[in-house]
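So the protein lines, in turn, are chains A and B. The first sequence begins at 201 in my numbering and counts up one residue at a time. The second sequence begins at 7 in my numbering and counts up one residue at a time. All C-beta atoms, glycine included, are put in the ideal place defined by N, C-alpha and C. Remember, predicted model here, so these are calculated numbers, not experimental data.
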Amino acid sequence: DAGVIQSPRHEVTEMGQEVTLRCKPISGHDYLFWYRQTMMRGLELLIYFNNNVPIDDSGMPEDRFSAKMPNASFSTLKIQPSEPRDSAVYFCASTSPGLPQHFGDGTRLSIL
Amino acid sequence: QQQVKQSPQSLIVQKGGISIINCAYENTAFDYFPWYQQFPGKGPALLIAIRPDVSEKKEGRFTISFNKSAKQFSLHIMDSQPGDSATYFCATTYSSASKIIFGSGTRLSIRP
């Protein structure tokens, strides 16, 4: 099992640019979660999907953030326009009922 | 925002000693209490979890103690080893397939 795959692992870009983070969940998992980790705020949930449908997006900080899950094997988190305060490590996790959430290794995002 | 309060923020323990990390939660509706372990550059991984109908769960050197009336739970690592050096997060949730609320994390260092 390849686990949850995130890309890119590192992203450095300038303020105002569009950033797209990608996630491939574990095959067969029907829940997908996007988390953000910072020193100040710790690990916080941004949004999660069930069967490709967004269930709770209350953690999405503002309209600059959007997430999609066009099919069961792929999800994106997009930031447009990006700002320095968006710098963080973004994690994707997947699961099915009765199983623990499996996290990817994250994308370290730096906005200059 | 329901919180999980975790302490200490950092902990140094001698090899072979007992590491103890404490957490307190607010929402009594939560019924799943996992602990996650995170190594640098990696995503969090489930270490051990407990439900509130039991007061203790042990898996190898790792034990969760749960006090429902006090709304507190703790992680004990017996015979701590240098390989246990990592950041540990307590968390609460309704199930693995719902949003996880994480504590602020404890950076554990085991000295050889």
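For residue 296 of chain A and chain B, any beta-carbon pair shorter than 8 Å?
-> Taking the first residue of the first sequence as position 1, residue 296 of chain A is located at position 96. Yes, contact with chain B.
If you drop the 5 nearest sequence neighbours on each side, which residues of the same chain put their C-beta closer than 6 Å to that of residue 214 of chain A?
-> Within the first sequence, residue 214 of chain A is the residue found at index 14, counting from 1. Closer than 6 Å at Cβ, skipping near neighbours: 312.
Beta-bridge pairing of residue 277 of chain A - partner residues as DSSP gives them = As a working note, residue 277 of chain A is residue 77 in the first sequence. For residue 277 of chain A, which the question treats as bridged, DSSP gives the partners A:221 and A:267.
Proximal residues, the region 69-95 of chain B versus chain A, C-beta separation under 8 Å | 95
Tell me residue 40 of chain B's beta-bridge partners as DSSP assigns them.
-> Position 34 of the second sequence holds residue 40 of chain B. DSSP output for residue 40 of chain B lists B:55 as bridge partner(s).
Looking only at DSSP bridge pairs, what is residue 256 of chain A linked to?
-> Reading the first sequence from its first residue, position 56 is the one you call residue 256 of chain A. Paired residues: A:248.
Residue 305 of chain A touches chain B at which residues, Cβ-Cβ below 9 Å?
-> Here residue 305 of chain A refers to the residue found at position 105 of the first sequence. Near residue 305 of chain A (Cβ distances below 9 Å), the residues of chain B are 47, 48 and 49.
Is DSSP giving residue 242 of chain A helix, strand or coil here?
-> Within the first sequence, numbered from 1, the residue matching residue 242 of chain A stands at position 42. It is a strand residue.
Chain-ordered neighbours of residue 105 of chain B on chain A, where CB pairs are closer than 7 Å = Numbered from 1 along the second sequence, position 99 holds the residue referred to as residue 105 of chain B. In chain order: 245, 248 and 256.
Residue of A:207, A:298 and A:295 minimising C-alpha distance to residue 308 of chain A = Sequence index remark: in the first sequence, residue 308 of chain A carries index 108 (1-based). Of the candidates A:207, A:298 and A:295, the one whose C-alpha sits nearest the C-alpha of residue 308 of chain A is A:207.
Listing by chain order, which chain B residues have their CB less than 9 Å from the CB of residue 291 of chain A?
-> Your numbering for residue 291 of chain A matches position 91 in the first sequence. Chain B residues near residue 291 of chain A: 49 and 50.
Simplified DSSP state of residue 285 of chain A, which is helix, strand or coil = The residue labelled residue 285 of chain A in the question sits at position 85 within the first sequence. Helix at residue 285 of chain A.
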